[in-house]
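Taking our numbering as reference, the numbering of the sequence shown is continuous, increasing by one, and the terminal residue is 743.
We put the CB at the ideal spot given by N, CA and C, even for glycine.
Bear in mind the structure is a predicted one, so any value in this text is a computation, not a measurement.
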Amino acid sequence: MEQHVTTAQEEDTAALTDVCRYRIERPVYDEGYIQTQLLHRRERCPTTLRQRLAQHVQCSSERAKAAALSFLPIITWLPSYPVKQYLVGDVVSGLSTGVMQLPQGLAYAMLAAVPPVYGLYSSFYPVLLYTFFGTSRHISIGTFAVISLMIGGVAVREAPDSMFYIPAANGTNASSVLDVEARDARRVQLAVVLCTMVGIIQLVLGLLRFGFVAIYLTEPLVRGFTTAAAVHVFVSQLKYLLGVKTQRFSGPLSALYSAKAVFSDITSTNIATLIVGLVCIVLLYGIKDINERFKKKLPVPIPGEMIMVAVSTGVSYAIGLSENYSVDVVGTIPVGLLPPALPHFSLLPNLVTDSFAIAIVGFSMGISLAKIFALKHGYSVDGNQEMIALGLCNFISSFFQTFAITCSMSRSLVQESTGGNTQIAGLLASLVVLLVVVAVGFIFEPLPQTVLAAIIMVNLLGMFKQTRDIPALWRTSKIELAIWLVAFVASVLLGLDYGLLVAIGFAILTVIYRTQSPKSAILGQVTDTGLYCDVAEYEEAAECSGIKIFHSNSSIYFANSELYVNNLKEKTGVNPAHLQAARKAQRNLKKRKQHKQNSTQKKEAAVKLDMDATHSEVMSDSQAEGHKNGQVTETHTESDSEMDRFLEPLTSIHSIILDWTPVNFIDSVGAKAMKSVIKEYAAVDVQVFIAGCSRTLLSELATLQFFTGAVTPEMVFPTVHDAVLHSQAGPTTNHSVL
6 MEQHVTTAQE EDTAALTDVC RYRIERPVYD EGYIQTQLLH RRERCPTTLR QRLAQHVQCS
66 SERAKAAALS FLPIITWLPS YPVKQYLVGD VVSGLSTGVM QLPQGLAYAM LAAVPPVYGL
126 YSSFYPVLLY TFFGTSRHIS IGTFAVISLM IGGVAVREAP DSMFYIPAAN GTNASSVLDV
186 EARDARRVQL AVVLCTMVGI IQLVLGLLRF GFVAIYLTEP LVRGFTTAAA VHVFVSQLKY
246 LLGVKTQRFS GPLSALYSAK AVFSDITSTN IATLIVGLVC IVLLYGIKDI NERFKKKLPV
306 PIPGEMIMVA VSTGVSYAIG LSENYSVDVV GTIPVGLLPP ALPHFSLLPN LVTDSFAIAI
366 VGFSMGISLA KIFALKHGYS VDGNQEMIAL GLCNFISSFF QTFAITCSMS RSLVQESTGG
426 NTQIAGLLAS LVVLLVVVAV GFIFEPLPQT VLAAIIMVNL LGMFKQTRDI PALWRTSKIE
486 LAIWLVAFVA SVLLGLDYGL LVAIGFAILT VIYRTQSPKS AILGQVTDTG LYCDVAEYEE
546 AAECSGIKIF HSNSSIYFAN SELYVNNLKE KTGVNPAHLQ AARKAQRNLK KRKQHKQNST
606 QKKEAAVKLD MDATHSEVMS DSQAEGHKNG QVTETHTESD SEMDRFLEPL TSIHSIILDW
666 TPVNFIDSVG AKAMKSVIKE YAAVDVQVFI AGCSRTLLSE LATLQFFTGA VTPEMVFPTV
726 HDAVLHSQAG PTTNHSVL
């Protein structure tokens, strides 16, 4: 028996033979052949506009059920809720988030320029409603610093302190006092109307399936914007931390004016207020650091904010911080919920622009976090339904005196990390807030405002950490770094509303810039393959003799068609205008040589005639004249077309192939520009072929009547390799074997 021993070399050879191979033999296809022989469109029954509308609006039990399930997602998951598996985690998560939501609701109401109790209202109604309409299982809906600050800016702009000064009893202007109750009532009305309008905008956009608008708020833009908002929030809380009495500013340069006002009056700092605030900041930061370091060992995060609120409220009540040390406190918190009331819609006209800004920013915050958690836990969220859910939360809640909300990053992280599995956690968190509002809200009346300022400032730490994006973006994308910086600087200097508009406008300009600055290259073939790569970048890529393959990673339309043509001429080194000028110079040179040659021939003929006349007197005049005319007719002038046949070719390039694989669309301006350049090259005997068009792009070209006159479908090839083989074979041998 023979024993076969497999060597290592044989194993390697066998492994190589098992590699998948790309082997195909077919003719070279051009688009004319494909359209007439290879592909045939499916026949579709023509439908009228009325029939298409009927298909969209027709109602059936299946469509009604699907619409109900989409509008009320709770119907899909609540009947199959796994109580034993999820309930404990949801209860722990809901209680933890609710305890955190209480102090944040009180604190962010200060940012919104309304009394603290309205922050509690805004932490109850929207959270309850989101349980029924939301699709995310982990985000925590409620008050958020950025949105609250934008609301506060609008409230202060429309109801500044100067509107509510009333003369004192003695009637002198110098002793006029601020009517705080009237001011706060007006600002509450503004915040409520703003919430109503934000809800309507989000609801309408969601119903119209405009959930995709958030994609225009790119991540660098959002992070730069929220970092700038953190600066605004921090500056706005300095006066509460120091106990300084300054007015609140809004509009462009408001952050600078606020900082200047605080530091100008810093000598009037309330020492007791500052000490309480600094102690709370240090303790809160320490607790957050412990939670972060030991998050895997702690069953639930330590509720630092709630501990600070409880302790500082007790201390304030015990030693009388307000009465004895003039420390500003929260003040009266009404017990119970307010009855529903219609918003004051007469205030609406001045708030439309702000409403759009708040609506889009609020939705972008919510959908960004929702997608992060959905990806992490393996489920999907519906962007349109999320916008509808936020719209309903804002719109319905506004009738119960709330201001606009979105999801909170810090609370969402707590809700997810403490074991939250469904929206039941959010429901329980809202019930915790409800318990405080209807029963024990009054116990927070002695709470110092500096404690709330400390809570806000410590919660801004995560936003300030976003400045770490700058070195990372510097290394990866200068354009995205520019978007981040423009969003940050514009929002800090111009305010959050105008800053957001500037940032979005700049982001759109960067898109235009990228199309105006495409990367172009000349491609070469990798030996023994059908692959074509940039010859300037890869050693293995070699240009095909007499052929230039031009690649540009952009579409061709009115904004960059001229740039595309210029890059084509520059990269290939074949400029039809220069070739025409050189050809003209060649013709002129040849004409001068021919004219000089004709003149020499005429002189030689004249000399010969004179010599003939001298030596032969018998020659008749008619014969001499005939001889002379014979010499002239022999030296006729050639036409340009006849002359061109004898001129040397001006370039060794006979074909240019345009790789249109990256081209997504083309408009009429781009189509005309390309037809024009194809004709220019044809005039200097350089053929232009197009390769790699998608079927959609070909349909657009057909609609634009691109294939007329000198441009035919036979000039278009499905791949660059087809075009190269056709160019190498010549125009007479079509459909050569690949």
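Alpha-carbon to alpha-carbon, residue j and residue i
i           : j           : result
residue 96  : residue 144 : 15 Å
residue 314 : residue 108 : 7 Å
residue 718 : residue 417 : 57 Å
residue 307 : residue 462 : 18 Å
residue 475 : residue 387 : 31 Å
residue 460 : residue 131 : 22 Å
residue 631 : residue 594 : Note that residue 631 scores a pLDDT of 46, beneath 50, so its modelled location is shaky and nothing firm can be said.
residue 487 : residue 575 : 30 Å
residue 78  : residue 572 : 53 Å
residue 684 : residue 35  : 19 Å
residue 26  : residue 664 : 25 Å
residue 169 : residue 326 : 28 Å
residue 290 : residue 105 : 15 Å
residue 577 : residue 543 : 18 Å
residue 134 : residue 154 : 23 Å
residue 5   : residue 668 : Outside the shown range of the chain, which is 6 to 743, sits residue 5, and nothing can be said about it.
residue 415 : residue 239 : 17 Å
residue 3   : residue 127 : The structure shown does not extend to residue 3, since the chain is modelled only from 6 through 743, so no value can be given for it.
residue 344 : residue 190 : 16 Å
residue 252 : residue 269 : 12 Å
residue 287 : residue 152 : 26 Å
residue 319 : residue 204 : 38 Å
residue 493 : residue 364 : 20 Å
Neighbourhood of residue i by C-beta distance below 7 Å, restricted to the same chain and skipping five residues each side
i           : result
residue 235 : 465, 468, 469
residue 350 : 198
residue 564 : 517, 520, 521
residue 375 : 141, 144, 386, 391
residue 666 : 697
Own chain residues within Cβ distance below 8 Å of residue i, not counting five before or after
i           : result
residue 55  : none
residue 195 : 159, 160, 163, 164, 352, 356
residue 732 : 549, 551, 552, 659, 660, 662, 692, 694
residue 744 : Any property of residue 744 remains undetermined from this structure, which presents the chain solely from 6 to 743.
residue 724 : 535, 696, 697
residue 497 : 233, 236, 237, 260, 504
residue 123 : 114, 117, 193, 196, 406, 407, 408
residue 540 : 526, 527, 528, 529, 546, 547, 548
CB contact flag (residue i, residue j, <8 Å)
i           : j           : result
residue 570 : residue 656 : no
residue 223 : residue 495 : no
residue 403 : residue 348 : yes
residue 112 : residue 157 : no
residue 441 : residue 125 : yes
residue 411 : residue 371 : yes
residue 275 : residue 321 : no
residue 229 : residue 434 : no
residue 500 : residue 136 : no
residue 523 : residue 482 : no
Neighbourhood of residue i by C-beta distance below 6 Å, restricted to the same chain and skipping five residues each side
i           : result
residue 94  : 424, 426
residue 225 : 485, 488, 489
residue 243 : 267
residue 507 : 495
residue 92  : none
residue 582 : none
Chain C contact for residue i (CB, 8 Å cutoff)
i           : result
residue 383 : This model lacks chain C altogether; it includes just one protein chain.
Closer than 7 Å: residue i CB and nearest the ligand FMN heavy atom
i          : result
residue 38 : Only the bare structure without any ligand can be found here, which leaves the ligand FMN out of the picture.
What are the start and end residues of each continuous alpha helix (DSSP H) run of 4 or more residues lying completely inside the stretch 537 to 582, in chain order? 566 to 577
Counting only runs of 4+ residues fully inside the stretch 646 to 733, write out the alpha helix (DSSP H) ranges in chain order. 673 to 688, 700 to 708
Cβ contact check for the stretch 518 to 534 and the stretch 691 to 710: 3 or more pairs under 8 Å: no
Give, in chain order, every unbroken run of the beta strand (DSSP E) that is at least 3 residues long and sits entirely within the stretch 473 to 524. none
My parser needs the alpha helix (DSSP H) runs of 4 or more residues fully inside the stretch 246 to 277; what are they? 259 to 269
Going residue by residue through the stretch 323 to 402, where are the continuous alpha helix (DSSP H) segments of at least 4 residues, counting only ones entirely within it? 326 to 330, 357 to 382
Determine, using beta-carbon pairs with one atom in the stretch 288 to 308 and one in the stretch 249 to 263, whether at least three such pairs fall under 8 Å. no
Kindly provide the ranges of any alpha helix (DSSP H) runs that are 4 or more residues long and lie completely inside the stretch 175 to 207, ordered along the chain. none
Are the stretch 209 to 216 and the stretch 383 to 398 touching by the rule of at least three beta carbon pairs closer than 8 Å? yes
Using 8 Å as the cut-off, can you tell me whether the stretch 442 to 458 makes contact with the stretch 329 to 343, which would need three or more C-beta pairs spanning the two stretches below that distance? yes
I'd like the ranges of any beta strand (DSSP E) spanning at least 3 consecutive residues and lying wholly in the stretch 397 to 437. 411 to 413
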